[in-house]
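Participant:
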Amino acid sequence: SSYLSDRINNLSESATLKMTKLGRELAAKGVNVISLSVGEPDFNTPEHVKDAAKKALDENWTRYSPVPGYPELRQAIVNKLKTENNLDYDISQIVVSTGAKQSLSNVILTLINPGDEVIIPTPYWVSYSEMVVLAEGKSVFISTEIDNNFKITPAQLEAAITPKTKLFMFSSPNNPTGTVYSKDELAALAKVFEKHPQVFILSDEIYEHINFVDKHESIAQFDSIKDRVIIINGFSKAFAMTGWRLGYIAANKTIAAANDKLQGQTTSGTCSISQRAGIVAYEQGLESVNKMKEAFARRRQLVYDLLRDIPGVRTNLPEGAFYFFPEISSFFGKKDQDGNIIKNSSDLALYLLNVGHVATVGGDSFGNDNYIRLSYAASDESLIEALKRIKAALGKLA
Ligand code: PLP
24 SSYLSDRINN LSESATLKMT KLGRELAAKG VNVISLSVGE PDFNTPEHVK DAAKKALDEN
84 WTRYSPVPGY PELRQAIVNK LKTENNLDYD ISQIVVSTGA KQSLSNVILT LINPGDEVII
144 PTPYWVSYSE MVVLAEGKSV FISTEIDNNF KITPAQLEAA ITPKTKLFMF SSPNNPTGTV
204 YSKDELAALA KVFEKHPQVF ILSDEIYEHI NFVDKHESIA QFDSIKDRVI IINGFSKAFA
264 MTGWRLGYIA ANKTIAAAND KLQGQTTSGT CSISQRAGIV AYEQGLESVN KMKEAFARRR
324 QLVYDLLRDI PGVRTNLPEG AFYFFPEISS FFGKKDQDGN IIKNSSDLAL YLLNVGHVAT
384 VGGDSFGNDN YIRLSYAASD ESLIEALKRI KAALGKLA
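Residue 24 is where the sequence shown starts when you use my numbering, and the numbers rise one by one after that.
1) Just to confirm my understanding: we take T167, look at its own chain, exclude 5 residues before and 5 after, and list those with CB closer than 7 Å. What are they?
2) Please return the same chain residues whose Cβ sits closer than 6 Å to the Cβ of K78, not counting the five positions on each side in sequence.
3) Give me, in chain order, the residues of the same chain whose beta-carbon lies closer than 8 Å to that of K284; leave out the 5 immediate sequence neighbours on both sides.
4) Is it the case that the region 311 to 329 contacts the region 146 to 162, given that we only count it when at least three CB pairs across the two stretches are under 8 Å?
5) Whole angstroms is fine: what's the gap from I242's alpha carbon to K52's?
6) In whole angstroms, what is the alpha-carbon distance linking A213 and D392?
7) Quick check on the contact list: which residues have their beta carbon closer than 6 Å to a heavy atom of the ligand PLP?
8) Does the structure place the region 34 to 42 close enough to the region 54 to 67 that three or more beta carbon pairs sit under 8 Å?
9) Using DSSP's beta-bridge definition, name the partner residues of T145.
10) Could you give the residue range of the alpha helix (DSSP H) that holds G257?
11) Would you report the Cα separation of D170 and F245, rounded to the nearest angstrom?
12) What are the boundary residues of the alpha helix (DSSP H) that M192 is part of?
13) Cα separation between S436 and R337?
14) Taking just the CA atoms, how far does N33 sit from D111?
15) Nearest to N198 by CA position, among P220, L417 and G390, is which residue?
16) Take G335 and list the residues in its own chain whose beta-carbon comes closer than 8 Å to its own, dropping the five residues that flank it on each side.
17) For P137 and N129, what's the separation of their Cα atoms in angstroms?
18) From K249, G287 and R268, pick the residue whose C-alpha is nearest to that of S256; which is it?
19) Should K249 go down as buried or exposed, given a rule of 16 or more other Cβ atoms within 10 Å for buried?
20) Taking the beta strand (DSSP E) that G270 belongs to, which residues open and close that run?
21) In this structure, what does DSSP give as the bridge partners for N197?
22) For I351, report the span of its beta strand (DSSP E) as first-last.
23) Locate the alpha helix (DSSP H) running through L225, then write down its first and last residues.
24) Rounded to a whole number of angstroms, what is the C-alpha to C-alpha distance between I253 and D361?
25) Taking the straight line between their C-alpha atoms, what separation do you get for G292 and A183?
26) Give me the DSSP bridge partner(s) of R396.
27) Helix, strand or coil: which one does DSSP assign to V336?
28) Would you report the Cα separation of N67 and A263, rounded to the nearest angstrom?
29) Counting only runs of 4+ residues fully inside the region 274 to 343, write out the alpha helix (DSSP H) ranges in chain order.
30) Could you give the distance in angstroms between the alpha-carbon of K411 and the alpha-carbon of K316?
31) Give the straight-line distance between the Cα atoms of V384 and H219, rounded to the nearest whole angstrom.
32) At the level of alpha carbons, what is the spacing between A279 and H380?
33) If I follow the unbroken beta strand (DSSP E) through S120, where does it start and stop?
34) Run through DSSP, which three-state label would K238 get?
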């Protein structure tokens, strides 16, 4: 609309939220839709975390909280970073926000001037590039494909850096591909960053605990660059707490103070009750997460076998998170039953929704149009049924 700001007119709608909405609309008409579009564990928040929230309410933790979070929560985060990741941080380096999504947005608004370049490997989580748009920065993409497990090389990174590069942002484990960078691979990227002291590194580690190959490795472990690394993490995926809106950064003190200042003029501290529950989640450890991980590991194998059985679909075995990102470009140019041509991944995702009644997301919104994303955070039965429907629907394209 003409009276809205350029800033908002230049912004795209979140594709994952849009597909989820379309799926819900179809379901409201009575269609049995299986949603594999949303990035959310299909588990409930652990009981002890819910109990902590009820207790917080009874104890009247209902006032404004400190802007960067309660000191006890920030201390619990410091302790977690030490015991789980062997990283030393001070509480002044931690800022808690309304989900990792706000943490990401805070960091980008804190670091990026108009025209600054932000390097983002594709495929990337949908909001990364749009947050750069909001900050009037310029995204510079490094493309990766399924054949190298969607990993960038140090040479690609080196080639993408210019004097205008301010930030590199990535997630490992990755959404949408599940790719996990090994310690050696991160060390090789860190070597490149050593040569370019003007570049900050935003390391989104929200899927840290959903890793099927190894223990989690953070790029912040390399002392030569640690001061320029901003870790993003949160409670949504590890503790099935998506609705509680709890995320944080660990960064150098200057960046942490800047995020605190920005948040103080926008949202203030996140929900007091969520924060009190977050303290208990971190203090009580990883038992519930490990149970979720077992279920995800089983489903990963299930979906892998079913996907490999569909002609025209190419997939790898993701190493973390709870997504597949199969290659589906062999269907481009084919026609559906009404004669409409499937031109791109969004067309295919819409076709799968309307004909197969399975909600997925086209890869174009993650920066790679030849793919679609499926979340396997759903029950085994729905996954089996969903993959059966997808196979049948794809088989009808001519
Ligand atoms: N980063 C990645 C890679 C994600 O996939 C998500 C959620 O889907 C987030 C950040 C945001 O998580 P939160 O719920 O903490 O805002």
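Ideal placement from N, C-alpha and C gives every residue a C-beta, glycine not left out.
Facilitator: Taking the geometry as given:
1) P144, T145, F173, K174 and I175
2) Here K78 has no same chain residue with a Cβ atom under 6 Å from its own Cβ, once five neighbours each way along the sequence are excluded.
3) Answer for K284: no residue qualifies.
4) no
5) Between the alpha carbons of I242 and K52 lies a distance of about 47 Å.
6) Near 29 Å, if we compare the C-alpha coordinates of D392 and A213.
7) G62, G122, A123, K124, W148, S194, N198, D227, I229, G257, S259, T265 and G270
8) yes
9) S166
10) Looking at the DSSP string, G257 is not in any alpha helix (DSSP H); the run it does join, the beta strand (DSSP E), is V252 to G257.
11) Near 28 Å, if we compare the C-alpha coordinates of F245 and D170.
12) Careful: M192 lies outside any alpha helix (DSSP H), inside the beta strand (DSSP E) at T188 to S194.
13) In the structure displayed, the chain extends from 24 to 421; residue 436 sits before or after that span and is not available.
14) 39 Å
15) G390
16) I351, S353, F354 and L417
17) Taking the straight line from one Cα to the other gives about 15 Å.
18) Note that residue 256 corresponds to Asn in the displayed sequence, not to Ser. Of the listed residues, the one whose Cα sits closest to N256 is R268.
19) buried
20) G270 to A273
21) Note: N197 sits in no beta bridge, so no partner.
22) Where I351 is concerned, there is no enclosing beta strand (DSSP E), given that its DSSP letter is neither H nor E.
23) No alpha helix (DSSP H) holds L225; the beta strand (DSSP E) holding it covers F223 to D227.
24) 50 Å
25) 36 Å
26) In the DSSP output, where bridge partners are listed per residue, R396 has V384.
27) Under the three-state reduction of DSSP output, V336 falls in the coil class, being neither helix nor strand.
28) 6 Å
29) 276 to 287, 295 to 307 and 310 to 331
30) 24 Å
31) Rounded to the nearest angstrom, the two C-alpha atoms are 36 Å apart.
32) Between A279 and H380, the C-alpha separation is close to 45 Å.
33) I117 to S120
34) coil
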